[in-house]
Structures are given as C-alpha cells and as structure tokens.
C-alpha cells in the first residue's frame, strides 16, 4: 500500500482527537475562541485506521485499602488481569494513568510491570526520563503502543496542566499507511463540586493549548485520552471539550459495546450500570467511530477473583475516511 502523510497544513487539536478531512478538503480545528475553524488541505491526503484505549490502572499505593466491595487486591493479582483485558482488545495505542509508583524493593515503575505483563509487540513510549537515569521524573501518565502496527516518531515528552497534574505525549506513524498522529494522555484533578469542575476546566484549556502548539509545530493531528474525572458535558472538562467542537467516542460510536457499564467501577463486585463515564476518548465531528465501549470480563454480571482496577478500560475503533 502506498504510504501517505498528512498535508503540512493539517493541524488538529482535540482531546483524543483525530483530524477530519472533509469532502471539500477541510480540517476541523478548535480555534482560540473554542469554536471549530476550517483549515483547507488536499482531499484524501490522510487515511488512518486505529484502535485507541485509555485505562486508569489504579496506583499500587492503594493496594490493601478498603473501597467498594472490599480491599483493593495487590498489584501482583491485578496486573495479569489488566494485561489480559488489553491483549483481548488489541489496541494500537493506550493512554495509561496512575502508573508511576515503584514496585516494592525495585526501581521498576508500575507501568513497566504492566507493559511486561502485556508482552510483545507492545512497548512503552519514552515520555519522561526513566528511573536510574539523571534527573528522572515520574508523571503517572504513560503511553503504551503496539510496535507491530505503529512506529514511534521523534521525541516524546510531557507538560504540566496545573495542580500537579500532567499530560504525556508521543508521535506515531501507521506502519500500514505512514499516516502520523500525536497521542496525548492525561489525568485531571479528582474531586466533586463546582470548584473542582472549574479547576478541571482550567486544566483542560491548558491541555488543549499545549497540544495545539505541539501539533502545529509537527503538522500532525492529535489524539487525546485519559481520566478526566467528569461525566457531564455541561460543566468542567466536558464543557470545554463540547465548546471546542469535540465529541465523546462512547456517545458517537456506530456501535457501543457494554454501554450499560460505567468506566469507573468503584471496585464493586457487581459493577455499576448507569452509563456514567469519567474516562474519555474524544474525536472531532466527522471521524468515523466504528465502535467504542467499556472493556471488562464478568461472570454472571460480577467480577470473578481480583478486580483489575477501580476503572474499566475504554476503547474506540477510529477510521478515516
């Protein structure tokens, strides 16, 4: 297949967003005002089929604490189950949150352990200076990718969105088509109430601002995924995304899998079925979300054995055109 890349004018900013090239050759780009503006580019210049996932794996610091239906199981029991869920969904790229803590008596991060459990061909993108190297730093936000389907491009990194919260980013190219995109992972502030909503809105604006800057410099579309700690589109981060013209993949997918279940299972043996999601993958209008859903394995509606995390993975299959 002939390899193609985005036009140099194809610039997109969105939370888990991928650029949309319409029939007229226009890309939807959230502008400074928050409204989408059209940037013209060559029609048909960008083609991509990618499966994206976001997963808050629950910090091992919480192991043994009480929540929901009982104690949080140890990481040694949770990690294999998380890896099984991920392998079953076969994502091309994964936004991982809460992966910073070291395993006991080790300089191996929790995310390193997860990547090892998932196995090949998955690799951890370099978005921070790793342990045992000078000036190492841990954000808690990471990106794991399928090396068989995606090729890493250039340097990755991270930036602050405020309130000791971060976003990690890395550029990739599809091995099938050569099409490139920027992937961004974040985890916003935890808390309930109007003051927390306002803080998350401010964090989201910083997230978009920094991501737009990086995307413009690289001339690539950008995808974002993470734990936004908000389900409403009327306040906080959800409102910022809506005003920027971005849509939640779980709400816009042609097919939704396990749509009754929440993305936050609260460590309950019988996970909630309210359709409330605080973990999100966003796309701009025009992207074809063939399917999206909550990834979980239940036995007669209940978790069997160790509950992998207090969050369920969210996955979306995206295609353009």
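Numbering (our numbering), first residue to last: 27 to 347. Heads up, the beta-carbon is just placed ideally off N, CA and C, and yes, glycines get one too. Here the structure is a predicted model, which is why all the values come from computation and not from measurement.
Excluding the 5 residues preceding and the 5 following residue 331 in the sequence, name in chain order all residues of the same chain whose CB lies nearer than 6 angstroms to its CB.
Excluding sequence positions up to five before and after residue 331, its CB lies less than 6 angstroms from no other CB in the same chain.
7 angstroms CB neighbourhood of residue 164 in its chain, flanking five on each side removed
Correct list, in chain order: 126, 135, 154.
From which residue to which residue does the beta strand (DSSP E) around residue 346 run?
Where residue 346 is concerned, the enclosing beta strand (DSSP E) stretches over 340-346.
Quick check on residue 43: buried or exposed, where buried means 16 or more other Cβ atoms within 10 Å of its Cβ?
Summary for residue 43: the model assigns pLDDT 38, below 50, so the residue's position carries little reliability; its value from the coordinates is reported in the next sentence. So residue 43 ends up on the buried side.
Under 8 angstroms between C-beta atoms of residue 112 and residue 144
In contact: residue 112 and residue 144 (Cβ atoms closer than 8 angstroms).
Which one of 177, 192, 178 has the shortest CA to CA distance from residue 184?
Out of 177, 192, 178, 192 has the C-alpha closest to the C-alpha of residue 184.
Residue range of the unbroken alpha helix (DSSP H) whose run includes residue 275:
275-278 is the span of the alpha helix (DSSP H), which, as asked, contains residue 275.
Inter-stretch contact at 8 angstroms, needing at least 3 Cβ pairs: the region 323-340 / the region 109-123
Remark: three or more beta-carbon pairs, one from each stretch, lie closer than 8 angstroms, so the region 323-340 and the region 109-123 are flagged as touching.
6 angstroms CB neighbourhood of residue 138 in its chain, flanking five on each side removed:
Closer than 6 angstroms at the Cβ level, and outside the excluded window around residue 138, lies no residue.
Per DSSP, the bridge partner or partners of residue 123
Note: residue 123 sits in a beta bridge opposite 82, 167.
Within 10 Å of its beta-carbon, does residue 104 have 16 or more other beta-carbons around it, so buried, or fewer, so exposed?
Residue 104 is buried by the Cβ-count criterion.
Nearest residue (CA-CA) to residue 157, options 198, 128, 219, 84
Measuring from the Cα of residue 157, the nearest candidate turns out to be 128.
Run through the DSSP bridge pairs and tell me what residue 328 is partnered with.
325, per the DSSP bridge assignment.
Simplified DSSP state of residue 128, which is helix, strand or coil:
Here residue 128 carries a strand assignment [DSSP, helix/strand/coil].
DSSP state of residue 181 mapped onto helix, strand, coil
Looking at residue 181 - three-state DSSP - the assignment turns out to be strand.
Do residue 266 and residue 241 have their C-beta atoms closer together than 8 angstroms?
The answer is no: Cβ separation not under 8 angstroms.
I'd like the span of the alpha helix (DSSP H) that includes residue 141, first residue to last.
It spans 136-144 - the alpha helix (DSSP H) in which residue 141 sits, taken as one unbroken run.
Buried or exposed: residue 310, going by 16 or more other Cβ atoms within 10 Å of its Cβ?
Answer is buried; the Cβ neighbour count reaches 16.
Use the C-beta contact count for residue 248: other C-beta atoms within 10 angstroms, 16 or more gives buried, fewer gives exposed.
Residue burial is scored here from C-beta neighbours: residue 248 has at least 16 other C-beta atoms within 10 angstroms and is therefore classed as buried.
The region 285-294 touching the region 92-99, judged by at least three CB pairs closer than 8 angstroms
The region 285-294 is in contact with the region 92-99.
Quick one: is residue 102 buried, meaning 16 or more other Cβ sit within 10 Å of its Cβ, or exposed?
The residue in question, residue 102, is exposed, as its Cβ has fewer than 16 Cβ neighbours within 10 Å.
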